[in-house]
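The sequence shown begins at 1 in the UniProt record's numbering and counts up one residue at a time. Accompanying notes for the structure given below.
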Amino acid sequence: MGIEQSGRGGKGKVSNESKKSKRRQRKLSPVQRLYEICKEVFADCGPGIVPSPDKVEKLAAVLDGITQVDVGLRPNMPFFSSERAPVITYLHLHECDKFSIGIFCLPPTSVIPLHNHPGMTVFSKLLFGTMHIKSYDWSDEVDKNPDGTMPNGIDPKGYPDGLRLAKLKVNSEFTAPCGPSILYPADGGNMHCFTARTACAVLDVLGPPYCDPEGRHCQYYYDHPLRSFSVENVSVVADGEEEEYAWLKEREKPEDLSVVGVPYNGPKIARK
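In structure tokens form, the structure reads like this:
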């Protein structure tokens with residue numbers, strides 16, 4: 001009898017703690033909630049280590065619920081004026097060794113050129129506006145010899161002239177409201193390009209963030225149609241699939257890319 005009473009008391013305690021936790025979550029601002037979830041999701045992650053599917057889903061759900069109002073943005077702010085194009089504004093919310101949170105504010109016609117996210121899992125939420133997104137993943141597809149070796153000793157990751165084969169993942173326009181996009185270290189469109197059709201804002205979560213000393217620097221690329229180059233005596237992809245692939249070549253940071261960091265003045269994050 002005493003054991004049963006103790007059990008009921010334990011359940012009541014757990015229930016009360018659960019209720020307190022839920023009340024606390026309701027009191028948190030959307031930005032604070034995003035920060036708390038990011039700490040949980042990326043706690044055991046690192047370069048090339050993807051959060052578990054349930055954690056990815058949890059973070060995506062929180063991100064999906066965030067609006068421009070939650071971060072203090074309005075389309076008529078100076079950041080988004082067509083007179084500022086092509087200057088892009090970056091609002092820094094948080095960065096640690098595990099993850100970063102920031103917002104890109106793009107005036108109409110501005111472009112974030114094709115670039116990569118080495119070893120990262122990236123969540124992006126279009127807060128408002130219309131944006132064209134083009135993205136690729138690396139591909140090692142090529143017609144191999146019967147024994148699995150490459151014809152003429154060609155390395156699929158190092159084609160002539162510094163080219164590398166990539167498969168097109170996304171080539172579409174998106175208009176808010178829409179769900180968040182997620183890319184992974186080797187899948188989901190790790191290399192992407194953003195083109196603002198209208199003024200728009202993108203909330204980004206990167207885990208882990210870029211870090212030059214650790215080799216996670218932002219690399220930019222040119223993309224060329226598959227037919228632009230050929231590899232002698234090698235069929236790179238099957239006939240009829242040429243439009244799904246492209247040659248990517250590394251480039252220096254574009255001289256006309258202008259990203260200006262400014263203080264974030266929306267709801268603050270209480271760091272613990």
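We treat Cβ as the ideally placed atom computed from N, Cα and C, and that holds for glycine. Every value quoted in this text rests on a predicted model; they were computed, and no experiment measured them.
Per DSSP, reduced to three states, the secondary structure at P213 is helical.
Inter-residue distance for L257 and Y90 is about 13 Å (C-alpha atoms, whole angstroms). For Y35 against I112, the beta-carbon gap comes to about 24 Å, at or over 8 Å, which does not count as contact.
Assignment of S29 by DSSP, reduced to helix, strand and coil, places it in the coil class. With respect to G261, H92 sits close: the two C-beta atoms are nearer than 8 Å. Going by DSSP, P47 is part of no alpha helix (DSSP H) at all; its letter is neither H nor E. Rounded to the nearest angstrom, the gap between the Cα atoms of C96 and M120 is 14 Å.
Distance from the CA atom of R164 to the CA atom of P213, rounded to whole angstroms, is 25 Å. D64: member of the alpha helix (DSSP H) spanning P53 to D64, first to last residue. Nearest C-alpha to V202 among M191, H94, P180 and E255: P180. Comparing alpha-carbon positions, the option among H117, V259, G48 and D223 lying closest to E243 turns out to be D223.
For the options D204, L114, Y210 and A85, the alpha carbon positioned closest to that of N171 is the one of L114. In the DSSP assignment, R197 falls outside any beta strand (DSSP E) and carries neither an H nor an E. For Q32, same chain residues with a beta-carbon under 7 Å away, outside a window of 5 residues either side, are I269 and A270 in chain order. When DSSP states are grouped into helix, strand and coil, S110 belongs to the coil group. Between W247 and the set F229, K27 and T130, the nearest pair of CA atoms involves F229. The criterion of a C-beta distance shorter than 8 Å is satisfied by C105 and F80. Residue nearest to T175 within the set P107, L226 and A196 is A196 (criterion: CA-CA distance). The beta carbon of K167 lies closer than 7 Å to those of Y136, D137, S139, E244 and Y245 in the same chain, with the five residues before and after it left out.
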